[in-house]
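Asks: Pasting in a structure now, in structure tokens, and then I'll have a few things to ask.
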Amino acid sequence: MMARRTLKAVLIDLSGTLHIEDTAVPGAQEALARLRQAPVAVKFVTNTTKECKRTLFERLRGLNFDLQQQEIFTSLTAARNLVEQKAVRPLLMVEDSALEDFTGLETSDPNAVVIGLAPDHFNYQTLNKAFQLILDGAPLIAIHKARYYKKKDGLALGPGPFVTGLEYATDTKATVVGKPEKGFFLEALRDLNCSPEEAVMIGDDARDDVGGAQNAGMLGILVKTGKYRPADEGKINPPPHLTCASFPEAVNYILDHLLGSK
Amino acid sequence: MAADSSLEFLKSVKGVILDMCGVLYDSGEGGGRAIHGSVEAVKRLMDSGLMLRFCTNETQNTRERFVQKLRVMGFDISVSHVFSPAPAVVQILQKRHLRPHLLVHDDLIPEFDGVDTSSPNCVVIGDAAEKFSYQNLNEAFRVLIGLEKPVLFSLGRGRYYKETDGLKLDVGVYMKALEYACDVQAEVVGKPSSEFFKTVLNDMNLQPHEVVMVGDDLVNDVGGAQSCGMKGLQVRTGKYRPSDECDPSVRADAYVDDLSAAVDAILTNR
Chain A
1 MMARRTLKAV LIDLSGTLHI EDTAVPGAQE ALARLRQAPV AVKFVTNTTK ECKRTLFERL
61 RGLNFDLQQQ EIFTSLTAAR NLVEQKAVRP LLMVEDSALE DFTGLETSDP NAVVIGLAPD
121 HFNYQTLNKA FQLILDGAPL IAIHKARYYK KKDGLALGPG PFVTGLEYAT DTKATVVGKP
181 EKGFFLEALR DLNCSPEEAV MIGDDARDDV GGAQNAGMLG ILVKTGKYRP ADEGKINPPP
241 HLTCASFPEA VNYILDHLLG SK
Chain B
1 MAADSSLEFL KSVKGVILDM CGVLYDSGEG GGRAIHGSVE AVKRLMDSGL MLRFCTNETQ
61 NTRERFVQKL RVMGFDISVS HVFSPAPAVV QILQKRHLRP HLLVHDDLIP EFDGVDTSSP
121 NCVVIGDAAE KFSYQNLNEA FRVLIGLEKP VLFSLGRGRY YKETDGLKLD VGVYMKALEY
181 ACDVQAEVVG KPSSEFFKTV LNDMNLQPHE VVMVGDDLVN DVGGAQSCGM KGLQVRTGKY
241 RPSDECDPSV RADAYVDDLS AAVDAILTNR
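Listed in order, the protein sequences are those of chains A and B. FYI, full-length UniProt numbering numbers position 4 of the first sequence as 4, with every residue one higher than the one before it. FYI, full-length UniProt numbering numbers position 265 of the second sequence as 265, with every residue one higher than the one before it.
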């Protein structure tokens, strides 16, 4: 019999878990309110390359979710934290809509490269500039390495191909900061005074949410909403701690089984 | 120069293949300038009775324009003796009945005259430089991802090259980007592909052990030539770096200061 863990924190994915586009998952607001009654910290974690925290926050508030902007932790926040830890001046290859999350950073005379999804910056000239900086020793920080994404008019290249190209040109490896990287989950917990063993992650992406969290030492709960496809739970090893219908069920499980008091 | 026992392998040499950029000339303003002594060195080789061919991964110009550029620098070279990736890929396309989507430099387009590019079923990328925009790369990506079995040809696989205003990303970087995006392996046409070197050997009608390749690029010139059975000399010009001489994976059969010294060695020891 496994010793009961103390649960101190719940990390929750946004898109696909709390809402799908402009619609909340049924019962999700109420479930979040119930979770907040329990003695656990709550954080909202997401991979984003073009939406700043404020945009995400306003969308969730618009859907009547009870949360604070500082409870949101994104791959952009993770990139910013890494830039601050390294005390470097980044060349920011991110879209204008994401720049807000980097305000206050020194970016003149750059000695680091942060690469997100920024089609406007993925031209020959800017990539050459990034290449020369990396060759001179600048660290390459990637928000994530997605191959492509879906747009209304078809598929479009994500940041991954450009990161891979720069890695090849310079014979270096990028530091990837978004999900499913272990560092992402650890960084999300950093100010909660909580170890990974004391946290659970809820998300709709088996590999990026659940697999990543479990790889970092947390429990992972997969919800069958958003991008979930049948048999996704079988795609990761070890399998999710729990697979359930949707966010409200995940909250019920946490309240009933992961928190000591019934 | 006296015969040197370490250069004995040159005894059986009947033909020579020369890389161009970094061996004959350095690229730069106005097309570049000849490397000291290389114009005379090429003449001496031509007069020696040895078979001579040129092999380049140049894809920013048609062969005609490229050879014209070299004539201006003083090199007397005929177009039919120059092997570059574009004509090689055109042959492959015809043999395999493929219709390419082209992401190449505008000045290379004439090499594809007569090639059917309607409803493409493969992608060919070359060093497109400024044309490597997100938009253009995305178009190539969409063609590839829309194919049942994506076929990608890359004209060389270089990481970067040197221009007067600094280092520039080469085609290999964009090849890697598309490989990653579509989960495919590109077919490289040009150096260091063995197929490419074999085409040159066939044209010379010589066996690999009878031919020596002279280049400034350890991996693409020397390594490529060696892996199809030729000897490889590296010159200490162009993109040569002293660290090349202790590279763990490729070892040239000899290192010489420049093309002039390479020709001295070949003519003295054969």
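C-beta atoms are modelled at their ideal positions from N, C-alpha and C, and glycine is treated no differently.
Closer than 7 Å, CB to CB, is V250(B) near chain A or not?
Replies: no
Asks: Quick check on K95(B) - is its C-beta less than 7 Å from some C-beta in chain A?
Replies: no
Asks: Can you name the residues of chain A whose CB is closer than 7 Å to the CB of G166(B)?
Replies: Q132
Asks: Step through the CB atoms of chain A and report whether any lies within less than 7 Å of the CB of F141(B).
Replies: yes
Asks: Quick one: list the residues of chain A neighbouring I145(B), beta-carbon separation under 8 Å, in chain order.
Replies: Y148, L155
Asks: Taking just the CA atoms, how far does G178(A) sit from L63(A)?
Replies: About 25 Å.
Asks: CA-CA distance, F57(A) and Y240(B)?
Replies: 54 Å
Asks: Note down the Cα distance separating A24(A) from G172(B), rounded to an integer number of angstroms.
Replies: 45 Å
Asks: Using 8 Å as the cut-off, can you tell me whether the region 207-214 of chain B makes contact with the region 11-20 of chain B, which would need three or more C-beta pairs spanning the two stretches below that distance?
Replies: yes
Asks: Please report the straight-line C-alpha distance between N220(B) and A254(B), rounded to a whole angstrom.
Replies: 16 Å
Asks: Taking CB distances under 7 Å as the criterion, tell me whether T126(A) reaches chain B.
Replies: no
Asks: Taking A129(B) as the query, report the chain A residues whose CB atoms sit under 8 Å from its CB, ordered along the chain.
Replies: Within chain A, the residues near A129(B) are Y124.
Asks: Cβ closer than 7 Å: which chain A residues qualify as neighbours of K176(B)?
Replies: T164, G165, Y168
Asks: Quick one: residues in its chain with C-beta nearer than 6 Å to the C-beta of A3(A), no 5 flanking neighbours on either side, listed in chain order?
Replies: With a pLDDT of 46 at A3(A), under the threshold of 50, the modelled position of that residue is not reliable, and the figure given next carries that caveat. Closer than 6 Å at the Cβ level, and outside the excluded window around A3(A), lies no residue.
Asks: Under the three-state reduction of DSSP, which class applies to F57(A): helix, strand or coil?
Replies: helix
Asks: Identify each residue in the region 14-48 of chain A for which the Cβ-Cβ distance to at least one residue of chain B is less than 9 Å, and report them in chain order.
Replies: none
Asks: Please tell me whether D208(A) and K227(A) are closer than 7 Å, where the distance is taken between their beta carbons.
Replies: Contact flag unset, no.
Asks: Distance, Cα to Cα, L133(A) vs F185(A)?
Replies: Rounded to the nearest whole angstrom, the CA to CA distance from L133(A) to F185(A) is 29 Å.
Asks: Since L133(A) is in the alpha helix (DSSP H), which residue starts that stretch and which ends it?
Replies: 124-135
Asks: Give me the chain B residues within the contact set of L135(A), using Cβ-Cβ distance strictly less than 9 Å, ordered along the chain.
Replies: Y160, L167
Asks: Output the distance between the C-alpha atoms of R236(B) and K162(B), rounded to the nearest integer angstrom.
Replies: 15 Å
Asks: Starting from residue 273(B), trace the beta strand (DSSP E) in both directions and tell me its first and last residue.
Replies: It is not possible to answer for residue 273(B), since the shown part of chain B is limited to 1 through 270.
Asks: What does DSSP give as the partner residue(s) for F141(A) in the beta ladder?
Replies: Contrary to the premise, residue 141(A) reads as Ile rather than Phe in this sequence. DSSP, once it has assigned bridges, lists V114(A), T175(A) as partnering I141(A).
Asks: With C-beta atoms as the reference, is F247(A) less than 7 Å away from A33(A)?
Replies: no
Asks: Looking at the structure shown, is A41(B) part of a helix, part of a strand, or coil, going by DSSP?
Replies: helix
Asks: Note down, in chain order, all residues in the region 67-85 of chain B with a beta-carbon under 9 Å from any beta-carbon belonging to chain A.
Replies: none
Asks: For M201(A), does the three-state DSSP call read helix, strand or coil?
Replies: Note: M201(A) maps to strand in three-state DSSP.
Asks: Across which residues does DSSP place H19(A) in a beta bridge pair?
Replies: S15(A), A24(A)
Asks: Considering C182(B), what are the terminal residues of the beta strand (DSSP E) in which it resides?
Replies: Taken as a continuous stretch (DSSP letters only), C182(B) belongs to no beta strand (DSSP E), being part of the alpha helix (DSSP H) at 171-182.
Asks: For Y97(B), count the other beta carbons within 10 Å of its own beta carbon; 16 or more makes it buried, fewer makes it exposed. Which is it?
Replies: For the sequence presented, residue 97(B) should be read as His rather than Tyr. Result: exposed.
Asks: Could you check what DSSP says for Q226(B) in three-state terms: helix, strand or coil?
Replies: helix
Asks: On the three-state DSSP scale, how would you describe R71(B)?
Replies: Per DSSP, reduced to three states, the secondary structure at R71(B) is helical.
Asks: Taking 7 Å as the CB-CB limit, is S27(B) close to chain A?
Replies: no
Asks: Do you know offhand how far T243(A)'s Cα is from F162(A)'s?
Replies: 34 Å
Asks: Give the range of the alpha helix (DSSP H) segment to which K182(A) is assigned.
Replies: 182-189
Asks: Mind listing which residues of the region 222-255 of chain B have their C-beta closer than 9 Å to chain A's C-betas, in chain order?
Replies: none
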